[in-house]
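Shown next, in structure tokens, is the structure this report addresses.
Numbering (my numbering), first residue to last: 58 to 326.
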């Protein structure tokens with residue numbers, strides 16, 4: 058049986074067959090801890106997390122005079138050990154509580170398959186016999202999320218995606234991101250953000266909820282350097298996050314926010 062963990066920190070992983078998986082169904086071996094006091098050193102952290110299995114690596118962010126807290130990454134040799142650590146509800150070292158999360162999908166050691174899986178799929182695939190024009194035709198008929206995952210498959214598919222993106226993604230409907238994972242959203246805007254000129258929401262009487270509204274807003278601000286028009290309808294959740302990033306959208310010419318607060322000209326950069 059599989060079930061998602063939803064606690065006060067909204068962790069996006071689930072357990073199945075004694076292992077933990079990210080929302081992209083990637084085995085979790087890498088854990089991340091934020092706001093760890095600098096008094097906890099690598100030896101102390103390694104000793105604690107080794108109670109759940111063999112730790113391959115513990116990495117601490119750089120210690121500076123300005124910050125008294127650090128980010129810590131703990132990488133286990135086996136996914137089952139990471140799952141045991143995530144199941145444990147009482148992580149405490151020297152009287153300090155710790156809250157490990159699963160690291161992002163794309164930062165997991167097995168994000169692109171284990172070494173064994175890669176060896177088993179080393180042979181040629183029939184789809185690679187198609188020329189790039191055929192591959193672009195196939196890709197254009199996929200949904201946006203599947204297009205992104207097409208690009209993630211191999212370097213050739215990524216190049217095919219990049220060539221088609223300038224034509225396909227100048228105007229993008231925001232509702233397509235509503236149920237996307239953070240990895241999919243991040244990859245789309247890294248690959249296609251420079252081509253996007255218009256982002257719009259379809260008018261809808263029902264308020265839309267985005268699983269990763271903050272990630273979506275940051276990705277738009279970071280990668281859509283040519284964005285000219287942004288239009289939202291009845292979407293206060295995404296509107297809130299986007300207002301925090303508007304100052305970074307230097308090319309924006311049209312902003313339309315039609316929700317509970319209606320059009321807000323004062324928010325225009």
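Glycine is no exception: its CB is placed at the ideal position from the N, C-alpha and C atoms.
Per-residue burial, residue i [other beta carbons within 10 Å of its own, 16 or more giving buried]
i           : result
residue 238 : buried
residue 170 : exposed
residue 146 : exposed
residue 320 : At residue 320 the pLDDT is 38, less than 50, meaning the model places this residue with poor confidence; the figure from the coordinates comes in the next sentence. Residue 320 comes out exposed.
residue 160 : buried
residue 276 : buried
CB contact flag (residue i, residue j, <7 Å)
i           : j           : result
residue 286 : residue 315 : no
residue 294 : residue 270 : yes
residue 81  : residue 240 : yes
residue 252 : residue 226 : yes
residue 132 : residue 114 : yes
residue 299 : residue 274 : yes
Test: residue i CB closer than 7 Å to a CB of chain B
i           : result
residue 110 : No chain B is present in this structure, which holds just one protein chain.
C-alpha gap between residue i and residue j, whole angstroms
i           : j           : result
residue 83  : residue 288 : 34 Å
residue 216 : residue 233 : 23 Å
residue 202 : residue 96  : 43 Å
residue 154 : residue 247 : 35 Å
residue 88  : residue 112 : 11 Å
residue 125 : residue 94  : 6 Å
residue 142 : residue 267 : 29 Å
residue 140 : residue 308 : 45 Å
residue 306 : residue 138 : 43 Å
residue 102 : residue 278 : 36 Å
residue 303 : residue 163 : 27 Å
residue 284 : residue 220 : 19 Å
residue 413 : residue 186 : The requested residue 413 does not occur in the structure, where the chain is confined to residues 58 to 326.
Sheet register partners of residue i (DSSP bridge)
i          : result
residue 73 : 76
Would the stretch 185-193 and the stretch 114-124 be scored as touching if the rule is three or more Cβ pairs under 8 Å?
The answer is no - the stretch 114-124 does not touch the stretch 185-193, with fewer than three Cβ pairs under 8 Å.
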